[in-house]
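**Student:** Pasting in a structure now, in structure tokens, and then I'll have a few things to ask.
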Amino acid sequence: MSQTIEVRFKGTRKAYFQWEDAAAPLRAGEDVLVNVERGRDLGRVTAVGDVATKKCGGGCTGCAVGGDAEPAAEPAVPLAVVRRATRDDLRVHDDNRRAEDDARRKVIERVRTHDLVMKVSDTEWQWDRNKLTIYFTAEKRVDFRALVRELASLFRTRIELRQIGVRDEAARLSGVGRCGREYCCSSWLKELSPVNLGLAKDQHLSLNPSQISGGCGRLLCCLKYEHEFYVTARRRFPKEGKILNTARGPERVVAVDIFRERVFLRSEDQGSRIIPLVQLREEMEALGEILMTAEARGSLAAAKTSPAAGTALLASDEAPPPDPIAPEPVGGPPAPDPR
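Position 95, counted from 1, in the sequence shown is what my numbering calls 99; the numbers after and before it change by one each time, with no gaps.
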């Protein structure tokens with residue numbers, strides 16, 4: 005029985021392959037030599053078995069996915085693992101990595117010669133040197149047909165120019181973020197999720213672009229890490245700007261502190277105050293008021309849609325009107341007419 009594996013190459017490029025030797029299964033972290041669309045390449049196993057199958061989606065034909073990779077055309081040969089990488093294979097791989105810096109410098113020189121508005125970010129040799137992939141960024145569409153012909157003549161191999169975004173460029177080149185650690189996208193973050201300004205607003209962070217942007221110039225990926233916690237925690241608090249009827253009269257919610265569980269209130273007559281959330285809830289309940297929060301609204305909506313809860317609400321809040329028929333007088337029913 006074959007084994008599905010996920011193999012990661014340079015940068016964030018990865019693909020899925022089949023390993024046929026069931027007697028010696030592969031493990032994550034091993035280097036392998038694999039068949040690709042045009043030749044062979046060397047990469048590292050990052051997932052195996054059911055995990056790799058689930059990530060692949062069940063269609064493990066070797067199509068590259070994720071990061072700066074694009075789906076490959078139908079391969080001419082089965083995309084399978086050739087063997088575990090040997091010392092000679094790894095030596096060739098290391099030689100290719102060292103040669104990529106020189107290749108990048110030569111490509112940059114040719115780009116300047118052709119006066120093209122593009123930034124060459126990285127180059128990547130395939131293990132057997134049947135292909136040289138050049139990654140670049142550009143704000144507009146670039147006509148690089150003449151450049152490709154010259155590079156093919158220079159390197160005597162197949163040339164592929166692939167345009168990537170600035171986030172993918174940062175993941176390939178790596179760097180140190182404002183936190184003092186290596187970029188998440190290049191160290192451990194395998195997938196780049198979309199990040200929008202609403203994530204910063206929900207966490208009450210500064211909206212200054214210089215403070216919430218990463219080295220790529222886009223919003224920080226880490227804005228997404230704690231967003232769910234903030235959204236869940238704020239459901240227990242009243243909305244800012246809402247007017248509450250408290251023991252001091254009408255007060256407006258100015259701000260909330262989800263970590264210390266405090267609410268900042270302000271009234272026109274008695275000024276501002278800071279009150280714990282529990283105390284505010286008790287204070288309003290003593291006045292017969294309900295502190296309506298997102299959490300309370302959700303519970304109320306669930307109660308209204310529940311048949312059992314709906315019956316209880318009807319019994320307590322919507323009791324049927326009294327019988328309009330007059331009650332019998334005290335002492336029993338009237339005596340029958342003697343006539």
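Beta carbons: idealized from backbone N, C-alpha and C, even for Gly. From a predicted model like this one, the values you see are computed outputs, not experimental measurements.
Can you name the residues that DSSP bridges to residue 124?
**Tutor:** DSSP, once it has assigned bridges, lists 140 as partnering residue 124.
**Student:** As a quick exercise: from 131, 108, 36 and 92, pick the residue whose alpha carbon is nearest that of residue 86.
**Tutor:** Selected option, being the one with the closest Cα: 36.
**Student:** Ignore the nearest five residues each way along the sequence and tell me which others in residue 231's own chain have a CB closer than 8 Å to its CB.
**Tutor:** Counting only Cβ-Cβ distances below 8 Å, and skipping sequence neighbours, we find 203, 206 and 207.
**Student:** Answer with buried or exposed for residue 278, where buried requires no fewer than 16 other C-beta atoms within 10 angstroms of its C-beta.
**Tutor:** Result: exposed.
**Student:** Which residues in the same chain have their Cβ closer than 8 Å to the Cβ of residue 132, if we skip the five residues on either side of it in sequence?
**Tutor:** So the list reads 43, 44 and 45, once near-sequence residues are dropped.
**Student:** So which of 227, 225, 263 and 256 has the shortest CA-CA distance to residue 240?
**Tutor:** Nearest C-alpha to residue 240: 263.
**Student:** Does DSSP put residue 21 in a helix, a strand or coil?
**Tutor:** Residue 21: strand per DSSP, three-state reduction.
**Student:** Return the chain-ordered list of same chain residues with a C-beta closer than 8 Å to the C-beta of residue 222, the five sequence neighbours on each side being excluded.
**Tutor:** 170, 171 and 199.
**Student:** Given residue 154, which residues of its chain have a CB within under 7 Å of its CB, disregarding the five upstream and five downstream residues?
**Tutor:** Result list for residue 154: 114, in chain order.
**Student:** Tell me where the beta strand (DSSP E) around residue 255 begins and ends.
**Tutor:** Its beta strand (DSSP E) spans residues 253-261.
**Student:** DSSP three-state call for residue 84: helix, strand or coil?
**Tutor:** In this structure, residue 84 counts as strand in the three-state DSSP scheme.
**Student:** With distance defined between alpha-carbon atoms, name the residue in 270, 235 and 261 nearest to residue 246.
**Tutor:** Looking at the Cα atoms, 270 is the closest of the given residues.
**Student:** Rounded to whole angstroms, how far is the Cβ of residue 136 from the Cβ of residue 161, which I believe are closer than 8 Å?
**Tutor:** Sure, about 5 Å apart at Cβ, within 8 Å.
**Student:** Using a threshold of 8 Å, state whether the C-beta atoms of residue 22 and residue 53 are closer than that.
**Tutor:** For residue 22 and residue 53, no; Cβs fall outside 8 Å.
**Student:** For residue 290, name the three-state secondary structure that DSSP assigns.
**Tutor:** The answer is helix: DSSP assigns residue 290 an H, G or I state.
**Student:** Do residue 280 and residue 293 have their C-beta atoms within less than 8 Å of each other?
**Tutor:** No, Cβ-Cβ distance for residue 280 and residue 293 is not below 8 Å.
**Student:** Would you report the Cα separation of residue 141 and residue 173, rounded to the nearest angstrom?
**Tutor:** Those two C-alpha atoms are separated by around 8 Å.
**Student:** Taking just the CA atoms, how far does residue 253 sit from residue 272?
**Tutor:** Answer to the nearest angstrom: the Cα atoms are 10 Å apart.
**Student:** Determine which residues share a DSSP beta bridge with residue 45 and list them.
**Tutor:** Paired residues: 38.
**Student:** So, with DSSP's three-state summary, where would you put residue 67?
**Tutor:** Because the pLDDT at residue 67 is just 46, under 50, the model does not fix this residue reliably, and the point stays unresolved.
**Student:** Report the residue from 242, 110 and 225 whose alpha carbon sits nearest the alpha carbon of residue 157.
**Tutor:** Checked all of 242, 110 and 225; the closest Cα to residue 157 is 110.
**Student:** Is residue 148 helix, strand or coil when you go by DSSP?
**Tutor:** Of the three classes helix, strand and coil, the one that applies to residue 148 here is coil, per DSSP.
**Student:** Just tell me which of 186, 166, 234 and 195 has its CA closest to the CA of residue 209.
**Tutor:** For the residues 186, 166, 234 and 195, the minimum Cα distance to residue 209 belongs to 234.
**Student:** Give the DSSP-derived three-state secondary structure of residue 249 in the structure shown.
**Tutor:** The answer is strand: DSSP assigns residue 249 an E or B state.
**Student:** With 16 as the cutoff for other CB atoms within 10 Å, does residue 291 come out buried or exposed?
**Tutor:** By the 10 Å Cβ count, residue 291 comes out exposed.
**Student:** Taking only runs of the beta strand (DSSP E) that begin and end inside the region 197-228, which ones reach a length of at least 3 residues, in chain order?
**Tutor:** The qualifying runs do not exist here; there are none.
**Student:** Closer than 7 Å by C-beta to residue 134: which residues in its own chain qualify, once you throw out the five before and the five after it? Chain order, please.
**Tutor:** Only 42, 43, 161 and 162 meet the Cβ criterion.
**Student:** When you compare only the Cα positions, how much space is there between residue 243 and residue 257?
**Tutor:** Looking at the two C-alpha atoms, the distance is approximately 7 Å.
**Student:** Leaving aside the five residues before and after residue 24 along the sequence, list all residues of the same chain whose C-beta is less than 7 Å from its C-beta, in chain order.
**Tutor:** Correct list, in chain order: 6 and 84.
**Student:** Run through DSSP, which three-state label would residue 275 get?
**Tutor:** Strand.
**Student:** Please list the terminal residues of the continuous alpha helix (DSSP H) segment that includes residue 11.
**Tutor:** Segment 7-12 is the beta strand (DSSP E) holding residue 11; no alpha helix (DSSP H) there.
**Student:** What residue does the beta strand (DSSP E) around residue 162 start on, and which one ends it?
**Tutor:** Residue 162 -> beta strand (DSSP E) spans 162-167.
**Student:** To the nearest whole angstrom, what separates the beta carbons of residue 10 and residue 58, a pair I think is in contact under 8 Å?
**Tutor:** Not a contact, Cβ separation roughly 10 Å.
**Student:** Run through DSSP, which three-state label would residue 243 get?
**Tutor:** The answer is coil: DSSP assigns residue 243 none of H, G, I, E or B.
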